[in-house]
Amino acid sequence: MEIREEGGALVLYKEGTPVGRCTLEDRSILEFRIDPRWRRKGYGSYLLKEALRRTGGFEPRQPSCHRAPLPAREEELAFWEKFGFQREGESLVRRRRPDLSGVELSHRLVKDLCPQPRLSIDATCGNGYDTEFLCGLGGEVIALDIQPRAVENTRRRLGKAGLSNARVMVEDHARLDRIAAPGTVDCVMFNFGWLPGGDHTLHSQLEKSLAALEKALDLLRPGGVLSAVLYSGQGIGSGEKEGILRYLERLPLTRYTVIVCRYANYKDTAPLPCIVLKKG
Ligand SMILES: C[S@@+](CC[C@H](N)C(=O)[O-])C[C@H]1O[C@@H](n2cnc3c(N)ncnc32)[C@H](O)[C@@H]1O
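Here the sequence shown stands for residues 2 to 281, numbered as in our numbering.
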């Protein structure tokens, strides 16, 4: 299958023959048509998904609003509803509001609980979003990742943002104790899993993650905050998430407050932001 742009329309070809057409003006679908011989075979879904994708309909951080004409036949409504379109008067409308992602939630919590850190550590810097966030809070930031590519990406992001308060290095977070002295760090952030845009087979591993968490808690000053976003699902399994949860749940209440923020009406594989507060 191939989609070609032809004069304001996306045309879906199967083996050189056009089988569907979607005419768009910005985010308004003016015409959507699949050749009757090719209906109910997934071609419509493929074309509509692509039209939505190309016009920002799946952007996780940007709101979007798409419109389409009401279908000629009532039974076609289910197809549009599958993609989030609802009847509004004489047309179909699909409104998407950005979700509060696990990472965004962790940023809000850290900012609230640790507004003016003097020393923060990003223990999985990846593409540098968390490091950029920590740099924005001020103070000194140490960012590390086991992959040189992640360190390059983070340095590039900070450079573009004009931020110079971070030291970024290739390091294994299982060796966090070499990075700072015990009791001196205000905030440590972990965002486990793989490098987005990188090799998905290179992801964090339970044994190292546990060693890193234990060392991070030791580095935190009393009153300091640890944030960890946990992942599970295809490719990564659920072992790391479950193992870390078991570890966090057993931390003594006399020394730590542990909060796990589960997305209760979403699938089990939703990111799981966790916060640990070290008691003063
Ligand atoms: C989900 S990404 C982090 C995203 C990142 N914080 C950002 O804002 O873009 C997870 C990162 O953890 C890193 N990682 C995995 N195991 C590690 C380890 N033992 N030590 C340090 N980094 C590790 C991966 O290389 C990957 O870049």
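Where a beta carbon is used, it is the ideal one built from N, C-alpha and C, also for glycine.
*Going by beta carbon distance, what residues of the same chain come within less than 6 Å of L211, once the five residues before and after it are set aside?*
For this step, residue 211 is matched to residue 210 along the sequence shown. The residues are Y248.
_Inter-residue spacing [alpha-carbon to alpha-carbon] between L159 and A271_ = Position 158 of the sequence shown, counting from 1, holds the residue named residue 159. Position 270 of the sequence shown, counting from 1, holds the residue named residue 271. About 28 Å.
*Of the residues E215, S29, R176 and E89, which one's Cα is nearest the Cα of L252?*
In the sequence shown, residue 252 corresponds to position 251, counting from 1. Among E215, S29, R176 and E89, the Cα nearest to that of L252 belongs to E215.
*If we call anything under 7 Å between Cβ atoms a contact, is V189 one with N166?*
Taking the sequence shown and counting its residues from 1, one reaches residue 189 at position 188. Taking the sequence shown and counting its residues from 1, one reaches residue 166 at position 165. No. Outside cutoff.
*Buried or exposed: R95, going by 16 or more other Cβ atoms within 10 Å of its Cβ?*
If you number the sequence shown from 1, residue 95 lands on position 94. When all chains shown are included, R95 counts as buried.
*Using the Cα positions of R34 and G45, report the straight-line distance between them to the nearest angstrom.*
On the sequence shown, position 33 is the one that residue 34 refers to. On the sequence shown, position 44 is the one that residue 45 refers to. Distance between the alpha carbons of R34 and G45: 8 Å.
*How is Y267 classed by DSSP in three states: helix, strand or coil?*
On the sequence shown, residue 267 is found 266 positions in, with the first residue counted as 1. The answer is coil: DSSP assigns Y267 none of H, G, I, E or B.
_For S210, list the residues DSSP reports as bridge partners._
In the sequence shown, the residue the question calls residue 210 occupies position 209. None; S210 has no bridge partner.
*For C126, which three-state DSSP category applies?*
Looking up residue 126 in the sequence shown gives position 125. C126: coil per DSSP, three-state reduction.
*Is the stretch 108-128 close to the stretch 187-201, with three or more CB pairs under 8 Å?*
yes
*H201: buried (16+ other C-beta within 10 angstroms of its C-beta) or exposed?*
One-based indexing of the sequence shown puts residue 201 at position 200. Exposed, by the Cβ-count rule.
*Return no unless some Cβ of chain D is closer than 7 Å to the Cβ of L207.*
Among the chains in the structure shown there is no chain D, since it carries only a single protein chain.
*Any idea what DSSP makes of C262, helix, strand or coil?*
Against the sequence shown, residue 262 aligns to sequence position 261. If DSSP states are grouped into helix, strand and coil, C262 belongs with coil.
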